[in-house]
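Student:
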Amino acid sequence: MDFDKYSAKNAAMGRAWDLTDDKKKEVKHDHKPAEPKMGVCDRCKKETLVRPHRSRQTDIENGAASFGIVVHYYCENCYPKSRRDQNVPPPLNAKQVKNLLKGAKKGLF
Ligand SMILES: [Zn+2]
């Protein structure tokens, strides 16, 4: 058994992982919120302050699919909400909570 060789290899692998992590952090850091500027909103066509919104799009034109990043400009009203915001469930009202509790009780007894 050659433990020294083994641990040296592990240390090298650890360094490689550290580098990968650093790169990931850099990419995240680069993602700054876009500055609003004067333009025409792609949705309501109003001339106002707009922000660019990048979205991945798949188009099928003349039978050929094209993939790419499309940039649209939206005003504050039309700017699509982030996916994270859309996934937040609406708060339950009192009746829904009651029904949930009822259902839980039925399941238990
Ligand atoms: Zn708009």
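Okay, so the sequence shown: first residue is 582 according to my numbering, each after it adds one. Beta carbons: idealized from backbone N, C-alpha and C, even for Gly.
1. Whose C-beta lies closer than 7 Å to the C-beta of residue 659 among residues of the same chain, with five residues either side of it excluded?
2. Using the C-alpha atoms, what's the distance from residue 657 back to residue 628?
3. Residues near ligand 1, CB to any non-hydrogen atom under 6 Å, in chain order?
4. Using DSSP with H/G/I as helix, E/B as strand and the rest coil, what is residue 623?
5. Taking all protein chains shown into account, do 16 or more other C-beta atoms lie within 10 angstroms of the C-beta of residue 651, making it buried, or fewer, making it exposed?
6. Residues in its own chain within less than 8 Å of residue 619 by CB, not counting five upstream and five downstream?
7. When the Cα atoms are used, what is the spatial distance from residue 616 to residue 649?
8. Rounded to whole angstroms, what is the Cα-Cα separation between residue 645 and residue 639?
9. Out of 643, 641, 661, which has the shortest C-alpha to C-alpha gap to residue 633?
Tutor: With the structure as the only source:
1. Here residue 659 refers to the residue found at position 78 when the sequence shown is read from its first residue. Spatial neighbours of residue 659 in its own chain (CB-CB distance under 7 Å, excluding positions within 5 residues in sequence) are listed in chain order as 622, 624, 625.
2. Position 47 of the sequence shown, counting from 1, holds the residue named residue 628. Position 76 of the sequence shown, counting from 1, holds the residue named residue 657. Straight-line Cα distance between these residues: approximately 12 Å.
3. Result (chain order): 622, 624, 625, 627, 655, 656, 658, 659.
4. Within the sequence shown, numbered from 1, the residue matching residue 623 stands at position 42. It is coil, neither helix nor strand.
5. Within the sequence shown, the letter at position 70 stands for residue 651. Taking all protein chains in view, the Cβ of residue 651 is surrounded by fewer than 16 other Cβ atoms within 10 Å, so the residue is classified as exposed.
6. For the purposes of this step, residue 619 is taken as the residue at position 38 of the sequence shown. Cβ neighbours of residue 619 beyond the five flanking positions: 628, 629, 630, 631.
7. Mapped onto the sequence shown, residue 616 falls at position 35. Mapped onto the sequence shown, residue 649 falls at position 68. Between residue 616 and residue 649, the C-alpha separation is close to 22 Å.
8. Here residue 645 refers to the residue found at position 64 when the sequence shown is read from its first residue. Here residue 639 refers to the residue found at position 58 when the sequence shown is read from its first residue. Rounded to whole angstroms, the gap between the alpha carbons of residue 645 and residue 639 is 10 Å.
9. Sequence index remark: in the sequence shown, residue 633 carries index 52 (1-based). Among 643, 641, 661, the Cα nearest to that of residue 633 belongs to 661.
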